[in-house]
Amino acid sequence: MKQWIAFWSILAKDTRSYYLKPPNISWGLIFPLAWTGMFFIRSGAGLDSVTALLPGVVAVSILFGTTSVLAVTVTFEKKGRSFERLLLAPISLELLMLAKTSGAILFGIANAAVPVMIASFLADLSDVRWSVAVPAVALIAIASTFLGLFIAVSVSEVFEAQTFSNFFRFPMIFLCGLFFPIAQLPVFIRPLSYLLPVTYGADLLHGAFGGTMALPLPLDFALLALFCLALFALSLRNVKRRWIT
Amino acid sequence: MTTQQTAIEVEGLSKRFGEVQAVDGLAFAVRQGELLGFLGPNGAGKTTTINMLTGLARPDGGRICLGGIDCSANPKAAQHLIGVVPDESNLYPELTGFANLCFCAALYGMRRTERESRAWELLDKFGLAQAGGRKFGGYSRGMKRKLTIAAGIIHRPAVLFLDEPTTGIDVASARDIRQLLADLHRGGTTIFLTTHYIEEAERLCERIAFIVQGRIVRTATMDELIRPLQDRHGLLLAVGNGGADLVGDLAQSFPAYHVATAGQAQIRVEAREPVPVAPLVRFFEERAVAVLEARQVRPSLEEVFVEVTGLAAEAMRKEKEKAGGGGGGAA
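Chains A and B are the protein sequences, given in the same order.
Start counting at 1 in the first sequence, then tack on 19, and there's your number in our numbering.
Start counting at 1 in the second sequence, then tack on 831, and there's your number in our numbering.
Written as structure tokens, this is what we have:
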């Protein structure tokens, strides 16, 4: 019970202090919307293409929202030594890192909801398979957040976190099949696509929003969940190795 | 041997950073309710030792017991028993003083009503009640230190680790903090204090452990440290212009005395017998130097420190203050 009081307090503090601040809104929402708007205008297909573009904008919103905020806040707190205060608390490292990431996961899910709400005014979403879309969004948010955590605990400075994040994020946009089908990528690049967690999330979102899926649905879910576990375990290992020296 | 009366017990504690042996086989014990001073120059291994005791650093070897709990395998096992005040204030600048304390209390599982009342109690005790609603980032250095100490004791820890609590703050705040520490000690809290202010250690601590290059070179009670000096008598002379240059002549004229400069325009004279003032005043008057003040001084821990560590206490203090950006001093 005491550990959960600590958990909720960390989550509430981070939400107030970080997730609702303007820089996060710009990175998490404006950038992905502008990115998708570019594809929308370039395709020239009109409002009919909104549903087809939705998986892309949803995934990119989550990816940028979660990785931006977490890579900065955790690194910032480590640099300012306030993270030591959390490490000194009688709370397990696993629960502590879950508390630090839960806000980002919720922030990612909220980011995903914005383009979906906007799309609901522009297109008919009655054919969307929400039973797939909702868990897919949640898993993409978790995987992206843990990727952000992995980045945050691998660097020392905030600017390094931002640079390192972009090193992962921008190639992901092109390689994960959100805007360009993986089948159309050069053969030697395709294996790289399957090393990215968002590839499986994008496949699930394509399926949920009426597109065709490259992989079976259970396989996508299983692999995405596996990425979540692996990234979280790697992050914990890095915290123990680098921060508790 | 761990007993119920032992709050901290350390055996063979070691830590190496690359080529540097930061801590080398430390062994000591702190009784429940005791205030132990950990004294040493910069880089002696004080902070590394605190980090290992509190679970922020992994020892390369050795055993740590806190409150009878062996933390060697699991550093988190005794974290509910301890409070930590680091050498730099590390609270959240965007939160108010009150919110910072409530947050720290929540980390130890305290419920809302309990943490809010405890936060106000400590803000009041530390003289910060008026500033409780202001953001921590806007606090003065002294206020930040006080709130950081309040955060360290918000959950009423049995053992409190304080790393250089008065470094870099003004004299008045440093005095307040020492008073608060003395109150905590009287209340039964075990305190492990690292400091480079020898006067602070002398005033607060029951026992002192001297650490140099990662090793404890001496551990003794204040009484044990000072007693050998009791038969020494000292006189501190504040002299006018040119007086300090006469130290050599003074030593030659009074061979039974040990004579040394003690800061700017001050000379310290020591002897086995009480030092009469008149001959010394005459010595300076004959050389047209005024004696502005002459006062008896008692033997201090500073002398023990210099003897034990081989380091000049004044040089250590200046170096630390330069690094810490201020100087609380031991007023």
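Positions of the beta carbon are idealized from the N, C-alpha and C atoms, including for glycine.
Would residue i count as contacting chain A if we go by Cβ distances under 8 Å?
i, result
"Val885/B", "The sequence given here has Thr at residue 885/B, not Val. So, interface residue."
"Val915/B", "yes"
"Ala1161/B", "Unreliable placement is indicated for Ala1161/B, whose pLDDT of 44 sits below 50; the coordinate value is still reported in the next sentence. No, Ala1161/B lies away from the interface with chain A (no Cβ there is under 8 Å from its Cβ)."
I'd like the list of long-range same chain contacts for residue i, defined as Cβ closer than 6 Å, with 5 residues on each side in sequence excluded.
i, result
"Gln835/B", "With a pLDDT of 49 at Gln835/B, under the threshold of 50, the modelled position of this residue cannot be trusted, and the question is left open."
"Arg1129/B", "none"
"Tyr939/B", "His986"
"Pro917/B", "Asp994"
"Tyr1088/B", "Val1100, Ala1102"
Tell me, please, whether the CB atom of residue i is closer than 8 Å to any CB atom in chain B?
i, result
"Lys97/A", "no"
"Ser28/A", "yes"
"Leu105/A", "yes"
"Arg261/A", "no"
"Ser101/A", "yes"
"Thr264/A", "yes"
How would you label residue i, buried or exposed, when you count the other beta carbons within 10 angstroms and need 16 or more for buried?
i, result
"Gly892/B", "exposed"
"Arg260/A", "exposed"
"Gln1127/B", "exposed"
"Met116/A", "buried"
"Ala78/A", "buried"
"Pro988/B", "buried"
"Met883/B", "buried"
"Val206/A", "exposed"
"Leu89/A", "buried"
"Thr231/A", "exposed"
"Met941/B", "buried"
"Pro1105/B", "exposed"
"Phe169/A", "buried"
"Ala1162/B", "Caution is warranted here: a pLDDT of 41 is assigned to Ala1162/B, below 50, making its placement in the model unreliable, and the coordinate value is therefore given only provisionally. Its Cβ having fewer than 16 others within 10 Å, Ala1162/B is exposed."
"Phe189/A", "exposed"
"Leu248/A", "exposed"
Between residue i and the rest of its own chain, which residues show a CB-CB distance below 8 Å, the 5 nearest in sequence each way excluded?
i, result
"Phe199/A", "Phe193"
"Gln1097/B", "Leu1067, Leu1068, Ala1069, Val1070, Ala1075"
"Lys975/B", "Ser920, Leu922, Phe967"
"Glu113/A", "Leu255"
"Ile124/A", "Thr85, Ala157, Ala160, Ile161, Thr164"
"Val1078/B", "Val1090, Ala1091, Thr1092, Ile1098"
"Ala936/B", "Glu945, Arg946, Arg949, Ala950, Ile985, His986"
"Thr979/B", "Val916, Pro917, Ser920, Asn921, Leu922"
For a contact defined as C-beta to C-beta under 8 Å, what are the partners of residue i on chain B?
i, result
"Gln22/A", "Gly940"
Name, please, each residue of chain A whose Cβ falls closer than 7 Å to the Cβ of residue i.
i, result
"Tyr1088/B", "None at all; the shortest Cβ gap to chain A is about 50 Å."
"Glu919/B", "Arg100"
What does residue i reach in chain B if we use C-beta pairs closer than 7 Å?
i, result
"Pro109/A", "Lys907, Gln910, His911, Tyr939"
"Lys32/A", "Phe934"
"Ala25/A", "Ala937, Leu938, Gly940"
Interface residues of chain A around residue i at Cβ under 8 Å?
i, result
"Tyr923/B", "Lys32, Ser36, Ser101"
Output, in chain order, the set of chain A residues within a Cβ distance shorter than 9 Å of residue i.
i, result
"Ala888/B", "Ile263, Thr264"
Can you find the residues in the same chain that come closer than 7 Å, C-beta to C-beta, to residue i, ignoring five residues on each side of it along the sequence?
i, result
"Met191/A", "Leu82, Leu215, Val217"
"Ala1093/B", "Leu1067, Arg1099"
"Leu224/A", "Pro74, Val77, Ala78, Ala152, Ala155"
"Val1139/B", "Phe1041, Val1048, Arg1049"
"Leu1056/B", "Ile1039, Leu1132, Val1135"
"Ser845/B", "Val854, Asp855, Gly856, Pro890, Asp891, Gly892, Gly893"
"Ala244/A", "Leu158"
Alpha helix (DSSP H) runs wholly inside the stretch 912-975 of chain B, at least 4 long, in chain order | 928-938, 943-956
Alpha helix (DSSP H) runs contained entirely in the stretch 215-253 of chain A, provided each spans 4 or more residues | 216-227
Ignoring anything shorter than 4 residues or poking outside the stretch 1077-1151 of chain B, list the alpha helix (DSSP H) runs there in chain order.
-> 1078-1084, 1109-1117, 1132-1140
Contiguous alpha helix (DSSP H) assignments of at least 4 residues, all confined to the stretch 1022-1082 of chain B = 1029-1035, 1053-1057
Go through the stretch 78-151 of chain A residue by residue and report every complete run of the alpha helix (DSSP H) that reaches 4 residues or more, in order.
-> 101-106, 112-141
Can you give, in chain order, each stretch of the alpha helix (DSSP H) that sits fully within the stretch 847-891 of chain B and has at least 4 residues?
-> 877-885
Counting only runs that start and end within the stretch 154-205 of chain A, where is the alpha helix (DSSP H) found for 4 or more residues in a row?
-> 177-194
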